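What follows is a short report on a single structure.
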Ligand code: CA
């Protein structure tokens, strides 16, 4: 899952980026509201964690702008402003949830998982297809009840495809979910992960849609 973190406090931003990467997210971090707006309008993210007090453009204005343009990406607001007025304002502007600083990473992770579930209309936390199941909270994959060990990137690819079951997911989208802005992507890296997933979970699980991407279901 690709997450955009918008936070101008360098210490908090750094800690959050590391922590969320540890939870398996691909995290792109920006410190400026205007840049955040630009990226949100030109790229695809699965989740946004948005601070309110930002240079360039206030977080609330970023939120209003993306909602006005019809962007439905789930947004969790981080705010130091512990005022009821701000909370209500944030939710009115289209925030899906908010957390007041200080907070702990566990709380943030739980809220993000629940946001993802809601955005996908999923009542149950565990993703399933055939005899394969994936539990995002426990970061556990099972095949026919048996635990299967996956690398972080294999897990991300599988989760992404399961989240979009029945639909073709483009290579570009998967690569963004895997790498964000951070790394040079080896041209065959995605194929390698898919190959390993097929070996571990059965050849028939993931279909290749030639020239486009991959699909489960
Ligand atoms: Ca701030």
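In the working numbering, the protein residues as written are 20 to 236.
Don't be surprised by glycine CBs; every beta carbon is placed ideally from N, CA and C.
What you are looking at is a predicted structure, and each value in this text was computed from that prediction instead of being measured.
* To do: Name the two residues that bound the continuous beta strand (DSSP E) containing residue 255.
  => Outside the displayed span of the chain (20 to 236) sits residue 255, for which this structure offers no information.
* Asked: For the alpha helix (DSSP H) that contains residue 90, what are its first and last residues?
  -> Taking the chain shown and counting its residues from 1, the one referred to as residue 90 is at position 71. First-last for residue 90: undefined, no H or E at that position.
* Leaving aside the five residues before and after residue 212 along the sequence, list all residues of the same chain whose C-beta is less than 7 Å from its C-beta, in chain order. => One-based indexing of the chain shown puts residue 212 at position 193. If we look at residue 212 and ignore the five residues flanking it on each side, its Cβ neighbours are 172, 173, 176.
* Is residue 77 near ligand 1, judged by its Cβ being under 7 Å from some heavy atom? -> Position 58 of the chain shown, counted from the start, is the residue given in the question as residue 77. No, the Cβ of residue 77 stays beyond 7 Å of every heavy atom of ligand 1.
* Residue list, Cβ distance to ligand 1 heavy atoms smaller than 5 Å -> 27, 70, 72
* Simplified DSSP assignment, three categories, for residue 120 -> Along the chain shown, one-based indexing puts residue 120 at 101. Here residue 120 sits in coil by DSSP.
* Pairwise C-alpha distance: residue 184 and residue 134 -> Numbered from 1 along the chain shown, position 115 holds the residue referred to as residue 134. Numbered from 1 along the chain shown, position 165 holds the residue referred to as residue 184. Roughly 18 Å between the two C-alpha positions.
* **Given residue 167 as reference, the closest of 188, 116, 215 once Cα atoms are compared** => For the purposes of this step, residue 167 is identified with residue 148 of the chain shown, where counting begins at 1. Closest by C-alpha distance to residue 167, out of 188, 116, 215, is 215.
* **Residues that residue 48 bridges to, as DSSP identifies them** => Position 29 of the chain shown, counting from 1, holds the residue named residue 48. Note: residue 48 is bridge-paired with 24 in the DSSP secondary-structure output.
* Grab the span of the beta strand (DSSP E) containing residue 148 for me, first residue to last. => If you number the chain shown from 1, residue 148 lands on position 129. Where residue 148 is concerned, the enclosing beta strand (DSSP E) stretches over 146 to 148.
* What do you reckon, are the CB atoms on residue 63 and residue 178 nearer than 8 Å? -> Within the chain shown, residue 63 is the residue found at index 44, counting from 1. Within the chain shown, residue 178 is the residue found at index 159, counting from 1. Not in contact: residue 63 and residue 178 (Cβ atoms no closer than 8 Å).
* To do: Note down the Cα distance separating residue 129 from residue 198, rounded to an integer number of angstroms.
  => Taking the first residue of the chain shown as 1, we reach residue 129 at position 110. Taking the first residue of the chain shown as 1, we reach residue 198 at position 179. C-alpha separation (whole angstroms): 23 Å.
* Cα-Cα separation between residue 56 and residue 161, rounded to whole angstroms -> Numbered from 1 along the chain shown, position 37 holds the residue referred to as residue 56. Numbered from 1 along the chain shown, position 142 holds the residue referred to as residue 161. When rounded, the distance between both Cα atoms is 38 Å.
* CA-to-CA distance, residue 99 to residue 210, given in whole angstroms -> Along the chain shown, one-based indexing puts residue 210 at 191. Along the chain shown, one-based indexing puts residue 99 at 80. Answer to the nearest angstrom: the Cα atoms are 43 Å apart.
* Asked: Out of 228, 224, 71, 229, which has the shortest C-alpha to C-alpha gap to residue 236?
  -> Translated into the one-based positions of the chain shown, residue 236 becomes position 217. It is 224.
* **Beta carbon of residue 74 nearer than 8 Å to that of residue 27** => Position 55 of the chain shown, counted from the first residue, corresponds to residue 74. Position 8 of the chain shown, counted from the first residue, corresponds to residue 27. With contacts defined by Cβ atoms closer than 8 Å, residue 74 and residue 27 form a contacting pair.
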